[in-house]
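For reference, the structure discussed in these notes is given below.
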Ligand code: MV4
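In our numbering, the protein residues as written are 798 to 1253.
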């Protein structure tokens, strides 16, 4: 087992990894930018190294800075958390070359899943259902037109290097395909430096459901069920839950088996998430795979009782998964609300000093946060302040638990998305489990109050 792990991240996820390491008796190294000198991840790590200025490009995203910190402190592994370097195949390769274990899948698997068109092709071959679409990337409008003709409109043009909603263009008819194709290529080039795009049938208002996977280096792969993440706006998830009301036990077993087989086929190791869209007929289509620990992993931990971060560390060290599929059981229901520092009406980020921060605990409540009273939410990083996770016997009890927790949460000094979460939880459609990626459009900001920052 590792003796010392460097955490190449900040905020709540850095704390989450430190928590797992402490319980496993592993020493920790925090890295931090000049903006994070007083952050809790620095306080709770056994050692800490300042790796650069506030700008992430010069600190948390700097491969030489992070690797140097690991070498200086003698860390034998790096946990990348989410965001930053977590899905960089290059970073994983550099770690390997430096004999530092990267706690995540192998670089080849990260690279495969990073190319969405290739991932789609490989998953289809492995028996995972995908949406009708192109076989791979399309190098001309003519070819795109031909595919669109075959699968029928509307279609979605997606960047092969994209994901998370960046570089996508909906196209309603042949008349606007040329324009959409060229725009998508240009946006892909600008955002990722790669202009490759592919085409898929466009699904209107689907559910977004993802499966959590774990794999070890002994050929074992298991799934930990699904999370429903349909409540999002602008590709930022706001609320996640497990299980999804849209899945029966039978469907979970069936689809879980399909995902596990596909992961085995690509020799997937460590933690991963396979994202699906579900249409109104209950049919599932693979979207993309995320090769990192995800923000919403706690809802899965709450219903399975499995510590995903500890399993990541164990399998990276070459150990076997602690659980067989038959030992994975699901208990109750869990919901996570991501509390952001933002104006609850306009969604504009609201960084600054938090004077008072208090979240009641109580039965079935977990709070993952690096915030505290008199802490500062920096404008340099993402605006998530805390994840509040409620677990209950069933969905109804969980919702009641979440509502009482949010009502009794005090965050003073900055604006937060707490009121928005309470509005969502009060929606009859939410209580009824009638969710889709279009759910949040009912809270649309009127064009008059929209700011320039939001207009994109
Ligand atoms: C889609 C889609 C509809 N049809 N693909 C958005 C993020 C990226 N992972 C893929 N996304 C979508 N792909 C087809 N063929 C709708 C979305 C989508 C979405 C997906 C998941 C969660 C929220 C979303 C919000 C808007 C659009």
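Note that beta-carbon positions come from the ideal geometry of N, C-alpha and C, so glycine has one too.
Residue 964 beta carbon near the ligand MV4 (any heavy atom closer than 7 angstroms): Position 167 of the chain shown holds residue 964. No - the ligand MV4 has no heavy atom lying nearer than 7 angstroms to the Cβ of residue 964.
Please classify residue 1042 as buried or exposed, where buried requires at least 16 neighbouring CB atoms within 10 angstroms. As a working mapping, residue 1042 is identified with position 245 in the chain shown. Residue 1042 should be labelled exposed.
If you scan the region 856 to 928 from start to end, which runs of the beta strand (DSSP E) of 3 or more residues do you find wholly inside it? 874 to 876
Shorter than 7 angstroms, the distance from the beta carbon of residue 1000 to the closest heavy atom of the ligand MV4, or not? Within the chain shown, the letter at position 203 stands for residue 1000. Under cutoff, so the answer is yes.
From the DSSP output, in three-state form, read off residue 1124 for me. Residue 1124 sits at position 327 when you count from the first residue of the chain shown. Residue 1124: helix per DSSP, three-state reduction.
Is there at least one non-hydrogen atom of the ligand MV4 closer than 7 angstroms to the beta-carbon of residue 949? Translated into the one-based positions of the chain shown, residue 949 becomes position 152. The answer is no for residue 949.
Start and end residues, beta strand (DSSP E) containing residue 1070: Indexing the chain shown from 1 puts residue 1070 at position 273. Run containing residue 1070: 1067 to 1075, per the beta strand (DSSP E) assignment.
For residue 996 versus residue 982, is the C-beta distance shorter than 8 angstroms? Position 199 of the chain shown holds residue 996. Position 185 of the chain shown holds residue 982. Cβ distance not < 8 angstroms, so residue 996 and residue 982 don't count as in contact.
Looking at the unbroken alpha helix (DSSP H) that takes in residue 1222, where does it start and where does it end? On the chain shown, position 425 is the one that residue 1222 refers to. 1215 to 1223 is the span of the alpha helix (DSSP H), which, as asked, contains residue 1222.
Per-residue DSSP class, three states only, for residue 800: The residue you call residue 800 lines up with position 3 of the chain shown. Three-state DSSP puts residue 800 in coil, outside helix and strand.
State buried or exposed for residue 798, treating a residue as buried only when at least 16 other CB atoms are found within 10 Å of its CB. Your numbering for residue 798 matches position 1 in the chain shown. Label assigned to residue 798: exposed.
To the nearest angstrom, how far is the alpha carbon of residue 1119 from that of residue 1013? Here residue 1119 refers to the residue found at position 322 when the chain shown is read from its first residue. Here residue 1013 refers to the residue found at position 216 when the chain shown is read from its first residue. Their Cα atoms are separated by approximately 10 angstroms.
Cβ shell of residue 1008 (< 6 angstroms), same chain only, five flanking positions each side left out: Stepping through the chain shown from its first residue, residue 1008 is reached at position 211. Around residue 1008: 1020, 1023, 1056 and 1071.
Three-state class that DSSP yields for residue 1049 in the structure shown: Residue numbering aside, residue 1049 sits at position 252 when the chain shown is read from its first letter. In the structure shown, residue 1049 sits in a helix (DSSP, three-state: H, G or I).
Looking at C-alpha atoms only, which residue of 908, 873 and 874 is the closest neighbour of residue 887? Reading the chain shown from its first residue, position 90 is the one you call residue 887. Looking at the Cα atoms, 908 is the closest of the given residues.
Using the beta-carbon count (16 or more within 10 Å), is residue 1252 buried or exposed? Indexing the chain shown from 1 puts residue 1252 at position 455. Confidence at residue 1252 is low in this model, with a pLDDT of 44, below 50, so the placement of that residue should be treated as unreliable; the coordinate-derived value is given next. Its Cβ having fewer than 16 others within 10 Å, residue 1252 is exposed.
Inter-stretch contact at 8 angstroms, needing at least 3 Cβ pairs: the region 1047 to 1061 / the region 1032 to 1039: Contact between the region 1047 to 1061 and the region 1032 to 1039 is absent: fewer than three C-beta pairs spanning the two stretches fall below 8 angstroms.
Residue 1106 - DSSP class collapsed to helix/strand/coil: For the purposes of this step, residue 1106 is identified with residue 309 of the chain shown, where counting begins at 1. Helix.
Please state if the CB of residue 901 and the CB of residue 1017 are separated by a distance shorter than 8 angstroms. For the purposes of this step, residue 1017 is taken as residue 220 along the chain shown, with counting starting at 1. For the purposes of this step, residue 901 is taken as residue 104 along the chain shown, with counting starting at 1. No, the pair does not count as a contact, with Cβ atoms beyond the cut-off.
Checking the sheet assignment: what are the DSSP bridge partners for residue 1146? Counting from 1 along the chain shown, the entry for residue 1146 is found at position 349. According to DSSP, residue 1146 bridges with 1139.
Taking the runs of the beta strand (DSSP E) that are 3 residues or longer, which of them lie wholly in the region 989 to 1047? Restricted to the region 989 to 1047, the beta strand (DSSP E) segments that are unbroken, complete and at least 3 residues in length are 994 to 998, 1004 to 1012, 1018 to 1030 and 1033 to 1039, listed in chain order.
Residue 1085: beta carbon under 7 angstroms from a heavy atom of the ligand MV4? Translated into the one-based positions of the chain shown, residue 1085 becomes position 288. Yes; taking the cut-off as 7 angstroms, the Cβ of residue 1085 has a heavy atom of the ligand MV4 nearer than that.
Exposure of residue 1126, with buried meaning 16 or more beta-carbon neighbours within 10 Å: On the chain shown, position 329 is the one that residue 1126 refers to. Label assigned to residue 1126: exposed.
Exposure of residue 885, with buried meaning 16 or more beta-carbon neighbours within 10 Å: In the chain shown, residue 885 corresponds to position 88, counting from 1. Label assigned to residue 885: buried.
Taking only three categories from DSSP, how would you classify residue 1199? In the chain shown, counting from the first residue as 1, residue 1199 sits at position 402. Helix at residue 1199.
Output the distance between the C-alpha atoms of residue 1191 and residue 1130, rounded to the nearest integer angstrom. Working through the chain shown from its first residue, we reach residue 1191 at position 394. Working through the chain shown from its first residue, we reach residue 1130 at position 333. Distance between the alpha carbons of residue 1191 and residue 1130 is about 5 angstroms.
Note the first and the last residue of the continuous beta strand (DSSP E) segment covering residue 960. Here the question's residue 960 lines up with position 163 in the chain shown. Looking at the DSSP string, the run of the beta strand (DSSP E) that includes residue 960 is 952 to 960.
With 16 as the cutoff for other CB atoms within 10 Å, does residue 835 come out buried or exposed? On the chain shown, position 38 is the one that residue 835 refers to. Exposed: under 16 other Cβ atoms inside 10 Å.
For residue 830, which of helix, strand or coil comes out of DSSP? Along the chain shown, read from residue 1 onward, the residue named residue 830 stands at position 33. Residue 830: strand per DSSP, three-state reduction.
Which of helix, strand or coil does DSSP assign to residue 809? Reading the chain shown from its first residue, position 12 is the one you call residue 809. DSSP places residue 809 in helix when its eight states are reduced to three.
Run through DSSP, which three-state label would residue 1161 get? Within the chain shown, residue 1161 is the residue found at index 364, counting from 1. Residue 1161: coil per DSSP, three-state reduction.
Below 8 angstroms, how does it come out for the region 1073 to 1086 and the region 887 to 896: are there three or more Cβ pairs, yes or no? no
Could you tell me whether the Cβ atoms of residue 1208 and residue 1186 are closer together than 8 angstroms? Working through the chain shown from its first residue, we reach residue 1208 at position 411. Working through the chain shown from its first residue, we reach residue 1186 at position 389. No; because the gap between Cβ atoms is not below 8 angstroms, this pair is not in contact.
Between the Cα of residue 856 and those of 1156, 879, 943 and 806, spot the shortest distance and give me the residue it belongs to. On the chain shown, position 59 is the one that residue 856 refers to. Taking only the C-alpha atoms, the option nearest residue 856 is 806.
Considering only C-alpha positions, which residue in the set 919, 1151, 1237 and 1238 is nearest to residue 1213? Residue mapping note: residue 1213 aligns to position 416 of the chain shown, counting from 1. That would be 1151, whose Cα lies nearest to the Cα of residue 1213.
Once DSSP output is grouped into helix, strand and coil, what is the label at residue 1078? The residue labelled residue 1078 in the question sits at position 281 within the chain shown. Coil at residue 1078, not helix or strand.
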